[in-house]
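*Asks:* Under the working numbering, the first residue of the sequence shown carries the number 185, and numbering increases by one thereafter.
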Amino acid sequence: AAVDVGPGQNITCTFEDRKRGSLTVVKLTEGGDDAFRFESGTLPYAVFTITTSSGTGSMPFTDLFSGTYDVAEVVPDGWILTDSYCDNGDDPSAIDIGPGQEVTCTFENKAKARLEVTKRVIWYGPPDLSQTFEICVQGPSYPTPDCKTFDTFSEVGTDPLTWEQTLAWEGVLPGDYIVTETDPGPSWQVTYMPGQGVTVAPGETGTVVVENEQTYLAWTPGFWKNHTADAPSGHNAWPKTGHEPGENLCF
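Here you go:
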């Protein structure tokens, strides 16, 4: 600058500086790591990516002029955004940064999870290939129970004859789920269902086994007359004679 000073003139020149501020975007994850895309209409980068390691990652922006800035996350598949906040109390959509101010905005995500239910069926006689079972789950992803039909089984044991089928509820929100079975009828009893509930952690697979056992009252004297050899191991066979049709028999 050039300042002209005339005879007897007193001139004061003043220089004012404002310290620039900074914004650090922090990414926290629970249940795994990933690359997360962010967008902004005011930061030096309109689009940037933070890749987490061991559940954390960050991107600093320094030398920012005083003003209002914004940042938003584009939530990737398989994740839910659980919280976003800035340490100066601002919302990430409108962050006021004053001279020399250092602000940190944090975005927290949880990985979606998976819930597997294995249906185990124990037969004490020739299996009915048309038999189906319905299992319902209720929890954070399903305020109203969501049900699936189990109708395609694989044999996993022969003494007694045991079938199994596993179905999965994919991409569920982490949390506590209740597992119930629709009444399969009087021929079946539930013999194993641990507490009916399961806690699914972020990024993990929760598993539940629901076991049904065929009741002996499912069979008539006429069945045992022709299938005495099918009596379960360790049980007595029904006598072939001396019983009336429809009579309930017990061991």
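Quick reminder that beta carbons are idealized off the backbone N, C-alpha and C, glycines included.
Cα-Cα, which of G262, V258, I264 and Q285 is closest to D271?
*Replies:* For the residues G262, V258, I264 and Q285, the minimum Cα distance to D271 belongs to Q285.
*Asks:* For the candidate residues A219, I195 and G251, whose alpha-carbon lies nearest to that of S277?
*Replies:* Taking only the C-alpha atoms, the option nearest S277 is G251.
*Asks:* What are the start and end residues of each continuous beta strand (DSSP E) run of 3 or more residues lying completely inside the segment 316 to 357, in chain order?
*Replies:* You should have 317 to 323, 326 to 334, 338 to 342 and 345 to 356.
*Asks:* E395 to C331, Cα distance in whole Å?
*Replies:* C-alpha separation (whole angstroms): 17 Å.
*Asks:* Just to confirm, does G241 get its C-beta within under 7 Å of one of the non-hydrogen atoms of the ligand NAD?
*Replies:* The ligand NAD is absent from the structure shown, which contains no ligand whatsoever.
*Asks:* Please report whether the beta-carbon of G216 lies at a distance below 8 Å from any beta-carbon of chain C.
*Replies:* Any reference to chain C falls outside this structure, which holds one protein chain only.
*Asks:* Would you call G171 buried or exposed, if buried means 16 or more other Cβ atoms sit within 10 Å of its Cβ?
*Replies:* This structure gives no information on residue 171, because the portion of the chain shown stretches from 185 to 435.
*Asks:* Which word fits Y361, buried or exposed, when buried means at least 16 other C-beta atoms lie within 10 angstroms of its C-beta?
*Replies:* Looking at its Cβ environment, which holds 16 or more other Cβ atoms inside 10 Å, Y361 is buried.
*Asks:* Can you confirm whether the segment 192 to 201 touches the segment 209 to 223 when touching is taken to mean that 3 or more C-beta pairs between the two stretches lie within less than 8 Å?
*Replies:* Result no; under three Cβ-Cβ pairs closer than 8 Å.
*Asks:* Considering only the beta carbon of each residue, do V384 and L299 sit closer than 8 Å?
*Replies:* Their beta carbons are under 8 Å apart, which means V384 touches L299 by this criterion.
*Asks:* Use the C-beta contact count for V363: other C-beta atoms within 10 angstroms, 16 or more gives buried, fewer gives exposed.
*Replies:* Buried, because 16 or more other Cβ atoms sit within 10 Å of the Cβ of V363.
*Asks:* Between G387 and A297, which are expected to be in contact by the criterion C-beta below 8 Å, what is the C-beta distance as a whole number of angstroms?
*Replies:* At roughly 6 Å, the Cβ-Cβ gap stays under 8 Å, so G387 and A297 are in contact.
*Asks:* May I have the straight-line CA-CA distance separating G341 from G262, to the nearest angstrom?
*Replies:* Near 36 Å, if we compare the C-alpha coordinates of G262 and G341.
*Asks:* Could you have a look at N293 and say whether DSSP puts it in helix, strand or coil?
*Replies:* In the structure shown, N293 sits in a strand (DSSP, three-state: E or B).
*Asks:* Taking the alpha-carbon of T240 as reference, which of V287, S206 and E292 has the nearest alpha-carbon?
*Replies:* Here the closest residue by C-alpha is E292.
*Asks:* Measuring only the C-alpha atoms, how far is K294 from I281?
*Replies:* Answer to the nearest angstrom: the Cα atoms are 29 Å apart.
*Asks:* So the candidates are V210, V259, T236 and V258; which of them puts its Cα closest to the Cα of P244?
*Replies:* The shortest Cα separation from P244 among V210, V259, T236 and V258 belongs to V210.
*Asks:* Of all the options P358, T266, T302 and P260, which has the alpha carbon lying nearest to the alpha carbon of E348?
*Replies:* Nearest C-alpha to E348: T302.
*Asks:* Can you tell me whether N194 is helix, strand or coil according to DSSP?
*Replies:* Three-state result, N194: coil.
*Asks:* Go ahead and pull the three-state DSSP assignment for P244.
*Replies:* In this structure, P244 counts as strand in the three-state DSSP scheme.
*Asks:* Identify which residue in Q373, T375, T391 and L265 has its Cα closest to the Cα of T381.
*Replies:* The sequence shown places Gly at residue 381, not Thr. G381 has its Cα closest to that of T391, out of Q373, T375, T391 and L265.
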